[in-house]
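Using the working numbering, read the sequence shown as starting at 89 and increasing by one per residue.
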Amino acid sequence: MKFKTSILLATAVVTTLGGGALSSHNVVNVFGNSKVYAATSRDITITGETFPDYFQSNGSAAAHPYDEVNYIQTLTDDATYLAGNVTLTTKVDMSQSFSFKGEVNLGNKSKQDGGADGIGFLFHPGDTDVVGAIGGAAGIGGVQGAFGFKLDTYYNGTSESSFMADPDIYSASKSATKTDESFGAFVDGTDGVAKTIEEGSLTIPQPTDNQFLPFEIVYDGTTETMTVTYNGETWEKNVKEFMGNETAMSFSIAASTGGNKNLQQLKNVTFTYTIAQGTVVSHFVDEDGNPILDADGNPISEEESGDLNTTWSLKPKEIPGYTFKEVKDNEPTEGTYTANDQEVTFVYTRNVGQADVTYIDDTTGKTLTTKDLSGGVGTSLNYATADTIKSYTDAGYVLVSDDYPTQDVQFTEEPQHYEVHLKHDTTEGSEEKEVKETIHYVFENGDLAKEDYQATPITFSRSYVMDKVTGEKTYGEWKAVNGNQFDEVASPEIKGYTPDQDKVSSIPNVTVDMDDIEKTVTYKRNPGSVVITYIDDTTNKVLEEKELTGEVESLVDYTTADRIKYYIDKGFVLVSDGYPESEVTFTEDGQKYIIRLKHDEMREDEEKMVNETIHYVFQNGESASEDYVATPIKFSRTVTTDKVTGEITYGAWQAENGNQFAEVVSPKIKGYSADQSKIDAITGITPETGDIEKTVVYTKDTSTTTLPPVTFPDSGNPSLPNQVIDNQKTEEFDFKSDDTADVPTSEEGTEVTTEEDNLPITGENITKMRLLSTLGVFLLAVSAMLYELKRRIKKQ
Numbered sequence: 089m090k091f092k093t094s095i096l097l098a099t100a101v102v103t104t105l106g107g108g109a110l111s112s113h114n115v116v117n118v119f120g121n122s123k124v125y126a127a128t129s130r131d132i133t134i135t136g137e138t139f140p141d142y143f144q145s146n147g148s149a150a151a152h153p154y155d156e157v158n159y160i161q162t163l164t165d166d167a168t169y170l171a172g173n174v175t176l177t178t179k180v181d182m183s184q185s186f187s188f189k190g191e192v193n194l195g196n197k198s199k200q201d202g203g204a205d206g207i208g209f210l211f212h213p214g215d216t217d218v219v220g221a222i223g224g225a226a227g228i229g230g231v232q233g234a235f236g237f238k239l240d241t242y243y244n245g246t247s248e249s250s251f252m253a254d255p256d257i258y259s260a261s262k263s264a265t266k267t268d269e270s271f272g273a274f275v276d277g278t279d280g281v282a283k284t285i286e287e288g289s290l291t292i293p294q295p296t297d298n299q300f301l302p303f304e305i306v307y308d309g310t311t312e313t314m315t316v317t318y319n320g321e322t323w324e325k326n327v328k329e330f331m332g333n334e335t336a337m338s339f340s341i342a343a344s345t346g347g348n349k350n351l352q353q354l355k356n357v358t359f360t361y362t363i364a365q366g367t368v369v370s371h372f373v374d375e376d377g378n379p380i381l382d383a384d385g386n387p388i389s390e391e392e393s394g395d396l397n398t399t400w401s402l403k404p405k406e407i408p409g410y411t412f413k414e415v416k417d418n419e420p421t422e423g424t425y426t427a428n429d430q431e432v433t434f435v436y437t438r439n440v441g442q443a444d445v446t447y448i449d450d451t452t453g454k455t456l457t458t459k460d461l462s463g464g465v466g467t468s469l470n471y472a473t474a475d476t477i478k479s480y481t482d483a484g485y486v487l488v489s490d491d492y493p494t495q496d497v498q499f500t501e502e503p504q505h506y507e508v509h510l511k512h513d514t515t516e517g518s519e520e521k522e523v524k525e526t527i528h529y530v531f532e533n534g535d536l537a538k539e540d541y542q543a544t545p546i547t548f549s550r551s552y553v554m555d556k557v558t559g560e561k562t563y564g565e566w567k568a569v570n571g572n573q574f575d576e577v578a579s580p581e582i583k584g585y586t587p588d589q590d591k592v593s594s595i596p597n598v599t600v601d602m603d604d605i606e607k608t609v610t611y612k613r614n615p616g617s618v619v620i621t622y623i624d625d626t627t628n629k630v631l632e633e634k635e636l637t638g639e640v641e642s643l644v645d646y647t648t649a650d651r652i653k654y655y656i657d658k659g660f661v662l663v664s665d666g667y668p669e670s671e672v673t674f675t676e677d678g679q680k681y682i683i684r685l686k687h688d689e690m691r692e693d694e695e696k697m698v699n700e701t702i703h704y705v706f707q708n709g710e711s712a713s714e715d716y717v718a719t720p721i722k723f724s725r726t727v728t729t730d731k732v733t734g735e736i737t738y739g740a741w742q743a744e745n746g747n748q749f750a751e752v753v754s755p756k757i758k759g760y761s762a763d764q765s766k767i768d769a770i771t772g773i774t775p776e777t778g779d780i781e782k783t784v785v786y787t788k789d790t791s792t793t794t795l796p797p798v799t800f801p802d803s804g805n806p807s808l809p810n811q812v813i814d815n816q817k818t819e820e821f822d823f824k825s826d827d828t829a830d831v832p833t834s835e836e837g838t839e840v841t842t843e844e845d846n847l848p849i850t851g852e853n854i855t856k857m858r859l860l861s862t863l864g865v866f867l868l869a870v871s872a873m874l875y876e877l878k879r880r881i882k883k884q
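Shown next, in the form of structure tokens:
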């Protein structure tokens, strides 16, 4: 709450009371007056001189101007049916102590002499211009939350709507004086009905001679105790029970007359108190005007307090579940604090919350139904799953889980999702099924030949689980109770007849899905028979078998020519045909004939060559001699194709001219050495061996020529003879190795020309060139001798 310190009192209060008079006083800025405290203090001292600046006179009190000489405020004249009061224009801060001191004139007549009614001092939390009812209410009754003190000069023995009857101890029937007495007492009017508190009440003197008697109210803000003193008598009361949590109270002083009357006045008032701060109350309601409640169910409201005439400003607050809509009746949301409470009502729209309850069939994984719910946030969903669950269990479901809360659920800002899971209930049972076998024995004309054969039925049994929702049954596996096959049944013999089946074979693996089995064995008069068999001699398998039957001695209408042609067209060759070329007739004994064929074949020869080539080249890759090409090795084999199956059969490869290449000696080239003196023989050649290529590389040999003397023209230098190098013994070396070809000598392969080739003018260039060439040959020879010398030393 705000607590501020500057106060500006500039309020005009206009109130009409029972007396009908109207009074208006402008309240000045008391803190601008040198007679009061600084503007930062809320402590006020009102004196007789400043009384009209702080109290508003109303009703009959307003009819009498304040006596600024004697400091007297008249409340009622000595006249009937008047009501006058003065109200403090600010509220009193009840958390602080205060004192009210002055003099009171109750009049000059008791009740018996026609006097009435007395003066009441009222405290209440309402607006400062509110006063209570007249008469027995003493200006206290009729105001909610009110309490106070009264000096009562008129005993009321009966109750009215605004007050209860006075304690009868002050009635004439109970008093010692046998007259109704005047008294002083605290009054509880918090419920709007003034009730005189008998405990602690005291008799006071009857009004006499319009005397002003001393009156004082002292309040202790710490103990919340109020002490009243009048004409030497003292009353004390803890008023906390009346105030509750209220700390800002309006204060007024009221008097009235009825059929009885008295002059009633105040004089020389000194009132020291602390001004209560102004309060602004914020109310929060929904669109229907209903208070919005907090989590404890109490209406949400806020108060802000501040010094009078200081500014305040309000904004709507965030309330979960609600959205602000407007301020009621365009009430101001900012202003200045006043003595009376100000109210601002904020109107909110309740947010709509969403919730859904989904019923799920766990058996199928599908949603059965979804219940969508919506409502104001904070309100109850007002929903239960019990009825829906029952409808499903009645339909054959079983509840699996229900996460919808059992306690009351309220809509929230966030959507709520709940799931109810159910599954199909089931029931179990079993069933049986039989499979029967019946064999009928008849002649060709359909007449009965033998009694039917009835096999023992094969019985199957299985269990099932029935879905109580869909009625669908889930079956277990069928199980044979007495085996799962019908045995073989031999056809009975009937003389002179042959059954079309010698037996009805056993029927294994009979399953429950099979229909009842019916077989018929037909008996025919015995005929003649001819069997022609076509045999593949290549595979030794029967190609086909043709059985012919007919009346004995009748011609067999059959020829093998067409079938033989058929097989020949398929790639066969006829081996033999045992079927007679002459006519064949049916006989009592069966006749058998065999036609033999074999697969025709196509044979072809296939060849393959393997070659050998040897290349002779110098180091630079150029050809040194023509390639050697050996006679190719030739392989051949037979390929046989089966004309019936298309299958190809290969014979073994045969080498027609051996399976190896002979050794080849590398040719000699004068002045060069081959890296391979020969190419070895290559054996084990197969058809899978690829063509063979070899390469022999020739390298030029090194010269062993002894250098001749060199003559340098016009140089004057002697010729260079063979010399000893580094004082070593000279030897003559032969650089030719045993495995190299002869290296040409200067006489054989290289000409050393000594004749000068002069140019047309000087011949100088040719002479220099010859000199350089000779020098180069010399250096090469020296290097060769040094190398050979080193080699021989190592051998030693």
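Just so you know, even glycine gets a beta-carbon here, dropped at the ideal spot from N, CA and C.
Between residue i and residue j, how many whole angstroms is the CB-CB distance? I'm expecting something under 8 Å.
{"i": "residue 148", "j": "residue 133", "result": "Rounded, the Cβ-Cβ distance is 28 Å, inconsistent with contact."}
{"i": "residue 136", "j": "residue 357", "result": "6 Å"}
{"i": "residue 623", "j": "residue 630", "result": "6 Å"}
{"i": "residue 252", "j": "residue 204", "result": "18 Å between Cβ atoms; not a contact."}
{"i": "residue 241", "j": "residue 170", "result": "14 Å between Cβ atoms; not a contact."}
{"i": "residue 143", "j": "residue 178", "result": "Not a contact, Cβ separation roughly 10 Å."}
{"i": "residue 290", "j": "residue 272", "result": "5 Å"}
Out of the options, point me to the one whose CA is closest to residue i's CA.
{"i": "residue 238", "options": "195, 200 and 316", "result": "316"}
{"i": "residue 530", "options": "548, 422, 415 and 540", "result": "540"}
{"i": "residue 927", "options": "734, 751 and 310", "result": "No information on residue 927 is available, as it lies outside the stretch 89 to 884 that the chain covers here."}
{"i": "residue 490", "options": "483, 506 and 499", "result": "506"}
{"i": "residue 725", "options": "710, 775 and 704", "result": "775"}
{"i": "residue 216", "options": "284, 270, 263 and 145", "result": "145"}
{"i": "residue 789", "options": "766, 771 and 756", "result": "756"}
{"i": "residue 674", "options": "871, 639 and 241", "result": "639"}
{"i": "residue 508", "options": "434, 528, 502 and 474", "result": "474"}
{"i": "residue 394", "options": "374, 426 and 313", "result": "426"}
{"i": "residue 502", "options": "520, 439 and 396", "result": "439"}
{"i": "residue 312", "options": "292, 336 and 655", "result": "336"}
{"i": "residue 527", "options": "154, 209, 382 and 574", "result": "574"}
{"i": "residue 418", "options": "410, 434, 592 and 408", "result": "434"}
{"i": "residue 547", "options": "599, 634 and 579", "result": "599"}
{"i": "residue 628", "options": "274, 479 and 683", "result": "683"}
{"i": "residue 899", "options": "392, 635 and 715", "result": "Summary: the structure shown does not reach residue 899, with the chain confined to residues 89 through 884, and so no result is reported for it."}
Taking residue i as part of the beta strand (DSSP E), name the residues at either end of that continuous run.
{"i": "residue 436", "result": "430-438"}
{"i": "residue 314", "result": "313-318"}
{"i": "residue 537", "result": "536-542"}
{"i": "residue 399", "result": "399-401"}
For residue i, count neighbouring Cβ atoms within 10 angstroms of its own Cβ and tell me buried if that reaches 16, exposed if not.
{"i": "residue 197", "result": "buried"}
{"i": "residue 512", "result": "buried"}
{"i": "residue 428", "result": "buried"}
{"i": "residue 213", "result": "buried"}
{"i": "residue 469", "result": "buried"}
{"i": "residue 157", "result": "exposed"}
{"i": "residue 582", "result": "exposed"}
{"i": "residue 294", "result": "buried"}
{"i": "residue 875", "result": "exposed"}
{"i": "residue 708", "result": "exposed"}
{"i": "residue 206", "result": "buried"}
{"i": "residue 476", "result": "buried"}
Provide the residue span of the alpha helix (DSSP H) that contains residue i, from first to last.
{"i": "residue 576", "result": "From DSSP, residue 576 is part of no alpha helix (DSSP H); its letter is neither H nor E."}
{"i": "residue 329", "result": "328-331"}
{"i": "residue 474", "result": "474-482"}
- Output the residue ranges of the beta strand (DSSP E) runs that lie fully inside the segment 643-727 and measure 3 residues or longer, sorted by chain position. 660-665, 679-687, 689-698, 700-706 and 711-717
Item to check | Whole runs of the alpha helix (DSSP H) within the segment 122-187, excluding any shorter than 4 residues | outcome: 139-142
Return the chain-ordered ranges of every beta strand (DSSP E) run that is complete within the segment 611-644 and spans a minimum of 3 residues. 616-624 and 629-638
Pick out the complete beta strand (DSSP E) segments inside the segment 349-374, 3 residues or longer, and give them in chain order.
352-362 and 366-374
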